[in-house]
Amino acid sequence: MQDMRLAKTSFCIVDSQSVQNASSAEEKGYDAGKKVSGIKRHIAVDTNGLPHAIHITTANITDRAGAIEMFQNYRDDLSNVQNILVDGGYTGKPFAESVRDILGANVEVVKRNELHTFAVLPKRWVVERTFSWLEKCHRLWKNTERKLATSLQMLVFAFVALMIRRF
29 MQDMRLAKTS FCIVDSQSVQ NASSAEEKGY DAGKKVSGIK RHIAVDTNGL
79 PHAIHITTAN ITDRAGAIEM FQNYRDDLSN VQNILVDGGY TGKPFAESVR
129 DILGANVEVV KRNELHTFAV LPKRWVVERT FSWLEKCHRL WKNTERKLAT
179 SLQMLVFAFV ALMIRRF
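Just so we're aligned, residue 29 is where the sequence shown starts under my numbering, counting upward by one.
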């Protein structure tokens, strides 16, 4: 993933997905918001929905903490990003300041205007589409891996297969 550099004036869209664990998984946490016991996949994608940073944590890690860990791990790959687009789960001044310290990027939170209504949020649909691409890989429906590192590699393999199919 080191070769996939973002353009100088680009932005990145960040989101996470909680995934239920199978009984064989050793590392798991509980995401009370989604009521899921398992892992959480954090990804940062470009405007085409292609990944530039992927991080796997246990589900009990908050979206903000997982995204900050991801940004620290992929600091060099995301060094040209100027804006980070996130949903309401990433609100807060401490998160925005951490992103500014790590990447030097601004955080833009896209919020819904009305609660309990469906609306396609501008530009946020790109990362949701990326998660739906991953759902086509049957092995990723549940986390069946014992280690988080193995879960990360399975996610990378799914993205490689996706990109090969596009050629």
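Using N, Cα and C, we set each Cβ at its ideal position, and we do this for glycine too.
Checklist entry - Can you tell which of D59, R103, Q110 and D43 has its C-alpha closest to the C-alpha of I89? => result Reading the sequence shown from its first residue, position 61 is the one you call residue 89. That would be D59, whose Cα lies nearest to the Cα of I89.
Item to check | Contact belief for S38 with N108 at Cβ below 8 Å, rounded distance in angstroms | outcome: For the purposes of this step, residue 38 is identified with residue 10 of the sequence shown, where counting begins at 1. For the purposes of this step, residue 108 is identified with residue 80 of the sequence shown, where counting begins at 1. At roughly 7 Å, the Cβ-Cβ gap stays under 8 Å, so S38 and N108 are in contact.
Checklist entry - Between E97 and I82, what straight-line distance do the alpha-carbon atoms span, to the nearest angstrom? => result As a first step, residue 97 is located in the sequence shown; it is residue number 69 there, counting from the start. As a first step, residue 82 is located in the sequence shown; it is residue number 54 there, counting from the start. Looking at the two C-alpha atoms, the distance is approximately 10 Å.
Next on the checklist: Could you compute how far the alpha carbon of G61 sits from the alpha carbon of T172?
Outcome noted: As a working note, residue 61 is residue 33 in the sequence shown. As a working note, residue 172 is residue 144 in the sequence shown. Distance between the alpha carbons of G61 and T172: 22 Å.
Next on the checklist: For a quick check, are the C-beta atoms of T85 and G57 less than 9 Å apart?
Outcome noted: Looking up residue 85 in the sequence shown gives position 57. Looking up residue 57 in the sequence shown gives position 29. Contact flag set, yes.
Item to check | Sequence ranges, beta strand (DSSP E) only - wholly within the segment 48-91, length at least 3 | outcome: For the segment 48-91, whole beta strand (DSSP E) runs of length 3 or above, ordered along the chain, are 57-59, 64-73 and 79-86.
Checklist entry - Measuring CB to CB, does S52 end up less than 9 Å from G66? => result Numbered from its first residue, the sequence shown carries residue 52 at position 24. Numbered from its first residue, the sequence shown carries residue 66 at position 38. In this structure, S52 lies away from G66, with their beta-carbon atoms at least 9 Å apart.
Item to check | For V12, the residue or residues it bridges with in DSSP | outcome: Within the shown structure, residues of the chain are numbered from 29 to 195, placing residue 12 beyond reach of any answer.
Next on the checklist: Bridge partners for C40 per DSSP, in chain order?
Outcome noted: For the purposes of this step, residue 40 is identified with residue 12 of the sequence shown, where counting begins at 1. When beta bridges are read from the DSSP output, C40 appears opposite I112.
Checklist entry - Just the Cα atoms here: how many angstroms apart are V64 and F195? => result Translated into positions along the sequence shown, residue 64 becomes position 36. Translated into positions along the sequence shown, residue 195 becomes position 167. Their backbone Cα atoms lie some 35 Å apart in a straight line.
Checklist entry - For R69, does the count of other Cβ atoms within 10 angstroms reach 16, so buried, or fall short, so exposed? => result In the sequence shown, residue 69 corresponds to position 41, counting from 1. Classification for R69: buried.
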